[in-house]
Amino acid sequence: MRAVKKSAHPLTHPDVLIVGGAIAGSVLACLLRKKGLSVVLAERSAEPRKIFKGEYLQPAVVDFLHEIGMRSVFRSKSVAKVRELRFRDLDASGKVCADLLMKYPKGKSARSIHHFDLLTNLFRINRVKLGVNFWSNATLSALNSGDRDFLQYPKFRLEAPGREALEIE
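Start counting the sequence shown at 27; every next residue gets the next number (the numbering used here).
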């Protein structure tokens with residue numbers, strides 16, 4: 027991160043530009059915003075893709091998301107609380123050769139959620155928390171990638187349908 031002048035506009039001179047609004051980018055944007063930094067989050071998809079994939083979040087992750095104000099990410103019909111897991115292994119003949127039951131501590135549970143629902147909820151949260159600083163269906167182009175000082179002073183053009191393009195420094 028680089029220091030910005032107090033008069034800098036947070037949309038064109040954000041403290042942080044995050045490229046990718048999926049799980050990691052969305053959570054990072056929320057954390058940095060809570061720390062008082064101006065954040066622009068650019069996501070190339072207009073909406074999450076529907077793919078057959080699930081996410082499994084351990085209790086520590088569930089607690090963390092609650093602590094940082096992302097509790098509503100679990101508001102979905104596809105969410106299931108998991109209080110215990112059973113792992114079994116079969117030998118070559120198909121008989122159980124290992125059986126392990128793992129129970130989470132009292133009051134703790136993991137969550138399983140459809141990947142699409144998790145990302146949809148993260149997009150929704152970012153649209154509310156970041157407002158105009160959340161760009162979906164976005165394209166990002168480097169404006170000065172050939173310059174010697176690109177790594178120290180990068181400049182980007184951020185575009186999305188229906189929005190005026192921005193030049194970000």
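Even glycine gets a Cβ: it sits at the ideal position worked out from N, Cα and C.
Nothing here was measured: the structure is a model prediction, and the numbers come from that model.
| Check | Outcome |
| --- | --- |
| Residue(s) in a DSSP beta bridge with Asp115 | Ala124 |
| Complete runs of the beta strand (DSSP E) confined to the region 59–105 [at least 3 residues] | 65–68, 80–83 |
| Ser162, DSSP secondary structure in three states | coil |
| Residues bridged to Lys129 [DSSP beta-bridge criterion] | Glu110 |
| Contact set for Tyr82: own chain, Cβ-Cβ below 8 angstroms, skip 5 residues either direction | Val108, Ala136, Arg137, Ser138 |
| The region 151–165 touching the region 71–78, judged by at least three CB pairs closer than 8 angstroms | yes |
| Where His140 sits in the DSSP three-state scheme | strand |
| Selected residue, minimal CA-CA separation from Arg25, among Gly172, Val99, Lys103, Val87 | This structure gives no information on residue 25, because the portion of the chain shown stretches from 27 to 195. |
| Nearest-angstrom Cβ-Cβ length linking Gly95 and Cys56, presumed shorter than 8 angstroms | 7 angstroms |
| Candidates Arg101, Lys103, Lys155: closest to Val65 by CA position | Lys155 |
| Cβ-Cβ distance between Leu63 and Val42 below 8 angstroms | yes |
| Collapsed DSSP secondary structure at Arg16 in the structure displayed | Any question about residue 16 goes unanswered here, given that the chain covers just 27 to 195. |
| Three-state secondary structure (DSSP) of Ala191 | coil |
| Integer Cβ distance of Leu37 from Val158, believed to fall under 8 angstroms | 6 angstroms |
| Separation of Ile194 from Ser104, as counted between CA atoms | 38 angstroms |
| Ser167 in three-state terms, based on DSSP | strand |
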